[in-house]
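**Q** Would you mind keeping the following structure in view while I ask a few things?
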Amino acid sequence: MPHPSAVWSNHVSVPGTPVGFTLRTTVPGNPDGVEVMLEQWEAGSAEPPHSHPGDDMTVVVEGRMVIQFFTRQGGALVPDGEPVTLAAGQTGYVAAGRIHDARYVEPCKLVYVHDRAFGFTAE
Numbered sequence: 031m032p033h034p035s036a037v038w039s040n041h042v043s044v045p046g047t048p049v050g051f052t053l054r055t056t057v058p059g060n061p062d063g064v065e066v067m068l069e070q071w072e073a074g075s076a077e078p079p080h081s082h083p084g085d086d087m088t089v090v091v092e093g094r095m096v097i098q099f100f101t102r103q104g105g106a107l108v109p110d111g112e113p114v115t116l117a118a119g120q121t122g123y124v125a126a127g128r129i130h131d132a133r134y135v136e137p138c139k140l141v142y143v144h145d146r147a148f149g150f151t152a153e
C-alpha cells in the first residue's frame with residue numbers, strides 16, 4: 031500500500047529502463063520534482079519548532095533523533111502527542127505545514143527528501 035506522503039507522487043516511467051521501474055527527479059527544471067539532501071547533525075544539536083511547505087521524508091542512516099509535533103492553541107505552541115524517536119534504519123514522515131522540532135541525541139547522518147523545493151518556516 032503506498033504511503034500517503036506526496037514524496038512518493040509524480041513518478042514517471044523512463045523509456046529504455048526495466049518494466050516496473052519509475053522515478054521522480056530532483057527539483058531543478060522539474061516542477062513536480064523533489065529536493066534531496068544528505069544531512070549530518072552533531073549530537074546535542076537541535077532544530078527549533080518549524081514547518082515546511084511540502085511533505086518530507088527522513089531516512090536515518092546513522093544515529094538517533096527525536097521529533098516533537100506541535101499544534102497552535104491561542105497563539106502558543108502545544109505538544110501534539112508523544113515525541114517520536116527515529117534510529118538508524120528507520121524512516122519518518124512529516125506532512126506539509128505540520129509544526130515540529132528535531133533533536134539529535136546521537137551524531138546523525140540522514141537522507142532527507144522534500145516534496146518540491148525545500149522551505150523552512152520558523153514557528
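Heads up, the sequence shown is in this note's numbering, so the first residue is 31 and it goes up one at a time.
The beta-carbon is built from N, C-alpha and C at its ideal position, and this holds for glycine as well.
#1: Does the Cβ of P32 have 16 or more other Cβ atoms within 10 Å, making it buried, or fewer, making it exposed?
#2: In the DSSP assignment, find the beta strand (DSSP E) that holds V66 and state where it starts and stops.
#3: Among residues of its own chain, excluding the 5 on either side of E77, which ones have a beta-carbon nearer than 7 Å to its beta-carbon?
#4: Output yes or no for whether 7 Å exceeds the beta carbon distance between G122 and T88.
#5: Of all the options V37, E153 and V44, which has the alpha carbon lying nearest to the alpha carbon of G105?
**A** Reading from the atomic positions:
#1: Translated into positions along the sequence shown, residue 32 becomes position 2. In this prediction, P32 has a pLDDT of 46, which is less than 50 and means its spatial position is unreliable; what the coordinates show is noted afterwards. With fewer than 16 other Cβ atoms from the protein chains shown falling within 10 Å of its own Cβ, P32 counts as exposed.
#2: Taking the sequence shown and counting its residues from 1, one reaches residue 66 at position 36. Looking at the DSSP string, the run of the beta strand (DSSP E) that includes V66 is V64 to W71.
#3: Along the sequence shown, read from residue 1 onward, the residue named residue 77 stands at position 47. The beta carbon of E77 lies closer than 7 Å to those of D131 and A132 in the same chain, with the five residues before and after it left out.
#4: Translated into positions along the sequence shown, residue 122 becomes position 92. Translated into positions along the sequence shown, residue 88 becomes position 58. Going by C-beta atoms, G122 is nearer than 7 Å to T88.
#5: The count along the sequence shown starts at 1 and reaches residue 105 at position 75. Nearest C-alpha to G105: E153.
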